[in-house]
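Heads up, the sequence shown is in our numbering, so the first residue is 23 and it goes up one at a time.
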Amino acid sequence: MQKSWSLSKTSYSLELSIAFGDRLALAHPAMTSKVANSSGSDNAEAKLSPSGLPVREVPGGYGVPFLSPLRDRLDYYYFQGAEEYFRSRIARNGGATVLRVNMPPGPFITADSRVVAFLDARSFSVLLDDAKVDKTDTLDGTFMPSVALFGGYRPLAFLDAADPRHAALKRVMISLAAARMHHVAPAFRTAFGAVFDAADAGLGDGPVQFNKLNEHHMFDFTCSALFGGTPPSKAMGDGAVTKAIKWLGVQLHPLASKIIKPWLLEDLLLHTFRLPPLLVRRDYADLTAYFAEAAAGFLNDADKAQSGISRDELLHNIVFTAIFNAYGGFKIFLPHVIKWLARAGPALHARLASEVRAAVPNGSDITVSAVDKMPLVKSVVWEALRMNPPVEFQYGRARQDLVVESHDAAYQVRKGEMLFGYQPLATRDERVFKQAGEFVPDRFVGGEGRLLGNVVWSNGPENSEPAEGNKQCPGKDMVVAVGRLMVAELFRRYDTFTADVKEMPLEPVVTFTSLTRDKAE
């Protein structure tokens, strides 16, 4: 299948480009290779970037319109997988880490699949520079979900930092995260207790899947931490989580894979046409009604503060922030933390248990300030975020013609081109991190904290802060705190544990096989 589709293995390569007018180019393979791996032209060879790197045309290509995006979608989701999709194209282009590639979902959901991909830490950083990149409607990549899914509004995450509404909404969301930070630890303690009480009880009958428990209880945690009041499981019943996940699914189905068998049916159902918002209209109405009540105090305060955003628009932004950003992030992130802890084994578990129990005496509650004094716990969480950022992709459009530098060369990118970064390759860059592809628990302990600027899961460096004028996640500190609280609570309660891990495209499926309680309890 791969060989029959591949244009690069024919004697000539044909590239049709519609980005800047109709153009038909025929190139002999040897010439194509020379362009990709050297300069692209004598003029480009003579040009240097501000750092003194040779400026080249971006290598790679998009192939035949319609057919090549379809072929690449199958490679990406089914024949290669995301990481091999990029690594194979890096190898095909002589090791270049700035490439022209197609990104799924492709036809018919996406009108234009073409991106310039940044696949190393240095080039990826351009996507974090709001002066160079416009992020209007690029959250999900080459397609934008219907605003009917968001009450007719564009949520904050789809607005560019230069949009005046971005500053007004971001200001409100930053204030929400800051005001509720002291509620995070008590709410998490309740959720954690429910998850692991159920896990302890279930292990008597066999292995227990963490993901299902996390999925259920973290929705209650998210809403309690952000707004207080009655949690959704009590206000809406057991169907609350199902409604939230259905709403997320209709937004993100073009990016999902390995959910439906056989894969041909999945590709047809999920990647070819958009699912209509009508499918979740009632679910979304129920969710909105819940948040209108749960967040009434916050909405009232925003009205009094004259935020410049209508109450209705702010309500729909709250729904998006709570479910998509917060709950969706925890749903993906926490199984990855457990995965790496399970693989690290009892030696790391003993070190973590010792640190946690020394910092928090028996009978005392674990707080956000307490975990901030646990260097190994902090490092483990940052390392998990480096290895598996909850959102693997970044997109944006070049605001102007740019020269983008990788480690070894610079590349000319033109105004309006869609830029893309695959974060796991950027944050596992061997030119930045030693043992970059390995989970190193104490990587960020002590002086190695200087590397935190290269941990960019939050749409910004870990050692910078969200602000009204940037696109960094307003709940960044809350996410990190929750990761630390989970590790600390886990090793105050247990000496060690074992689990089976099955890697999946979105989140690993983690199944506990044993949980060994602290003997001193």
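Glycine included, C-beta positions come from ideal geometry on N, C-alpha and C.
Nearest to residue i (by Cα), restricted to the options the options
i	options	result
Gly163	Val399, Lys280 and Leu274	Leu274
Lys256	Phe241, Asp334 and Pro167	Phe241
Ala381	Pro397, Lys283, Glu405 and Thr212	Pro397
Pro91	Val120, Met125, Asp430 and Thr244	Met125
Ala199	Glu79, Leu370, Met500 and Phe513	Met500
Ala372	Gln422, Arg515 and Ala318	Arg515
Met409	Pro463, Asn115 and Thr520	Pro463
Ala375	Glu511, Val523 and Val86	Glu511
Ala170	Pro298, Pro412 and Asp156	Pro298
Phe513	Val477, Val393 and Val478	Val393
Gly319	Asn115, Gly251, Phe534 and Lys395	Gly251
Ala184	Arg539, Val532 and Lys493	Lys493
Trp285	Gly491, Asp517 and Phe101	Phe101
Ala406	Leu441, Ala366 and Gly443	Ala366
Asp9	Arg472, Ala324, Glu490 and Thr538	This structure does not reach residue 9, given that the chain is present from 23 up to 543, and the question cannot be answered.
Leu441	Arg109, Val155, Ser486 and Asn339	Val155
Gly82	Lys268, Val194, Gly351 and Phe140	Phe140
Asn339	Tyr306, Asp289 and Ser486	Tyr306
Gly475	Ser391, Ser486 and Lys192	Ser486
Beta-ladder partner(s) of residue i, from DSSP
i	result
Thr520	Ser536
Tyr417	Phe442
Pro76	Leu70
Gly82	Arg122
Val230	Phe534
Cβ-based burial, residue i [other Cβ within 10 Å; buried from 16]
i	result
Ser545	Here the chain has residues from 23 to 543 only, and residue 545 is not among them.
Arg95	buried
Ser147	buried
Lys541	exposed
Met526	exposed
Ser135	buried
Phe249	buried
Asn236	buried
Asp227	exposed
Glu67	For Glu67, the predicted model reports a pLDDT of 47, less than 50, meaning its position is unreliable; a value from the coordinates is still stated below. With fewer than 16 other Cβ atoms within 10 Å, it is exposed.
Gly438	exposed
Ser73	exposed
Glu335	buried
Ser536	exposed
Ala364	buried
Glu377	buried
Asn481	buried
Asp325	exposed
Lys456	exposed
Nonlocal neighbours in the same chain, by C-beta distance under 8 Å from residue i, ignoring five residues either side
i	result
Asp387	Ala207, Pro208 and Arg211
Val403	Val359, Val502, Gly505, Arg506 and Val509
Leu528	Ala278 and Ile354
Leu337	Gly173, Thr310, Phe313, Ala314, Ala317 and Leu321
Phe415	Gly163, Phe442, Gly443, Tyr444 and Gln445
Phe352	Asn236, Met240, Phe243, Thr244, Val501 and Val504
Asp289	Arg95, Leu96, Tyr99 and Tyr100
Contact set for residue i: own chain, Cβ-Cβ below 7 Å, skip 5 residues either direction
i	result
Leu161	Ala179 and Phe180
Leu291	Ile282
Ser428	Thr119, Val120, Asp142, Arg144 and Ser145
Tyr107	Asp97 and Tyr98
Pro129	Phe88, Pro91 and Leu92
Gly497	Ala199, Asn347 and Ala348
Arg202	Ala247 and Leu248
Pro276	Pro127, Ile131, Phe165, Leu292 and His293
Pro530	Pro357, His358, Lys361, Val523 and Lys524
Phe534	Ala221, Leu225, Pro229, Val230, Phe232, Phe519 and Ala521
Arg111	Gly82, Leu121 and Val123
Pro167	Gln273
Contacts around residue i, its chain only, beta-carbon distance under 6 Å, and the 5 residues preceding and following it disregarded
i	result
Gly14	This structure cannot speak to residue 14, because the chain is shown only from 23 to 543.
Residue i Cβ short of 8 Å to the ligand NAP heavy atom set
i	result
Asp423	In the structure on display, the ligand NAP does not appear, and there are no ligands present to speak of.
Cβ of residue i within 9 Å of any chain C Cβ
i	result
Pro397	The chain labelled as chain C is not found in the depicted structure, where only one protein chain is given.
Segments of 3+ residues assigned as beta strand (DSSP E) that fall wholly inside the stretch 122-197
Counting only runs of 3 or more, we get 136-140.
Just to confirm the assignment: which complete alpha helix (DSSP H) runs, minimum length 4, are found wholly within the stretch 423-473?
Qualifying alpha helix (DSSP H) stretches, in chain order: 445-449.
Which full runs of the alpha helix (DSSP H) of 4+ residues lie inside the stretch 302-374, going along the chain?
Counting whole runs of 4 or more residues, the stretch 302-374 contains the alpha helix (DSSP H) stretches 303-316, 318-326, 333-342 and 350-366.
Length-filtered (4 minimum) alpha helix (DSSP H) runs lying within the stretch 243-272
Taken in chain order, the whole alpha helix (DSSP H) runs of length 4 or more contained in the stretch 243-272 are 254-257.
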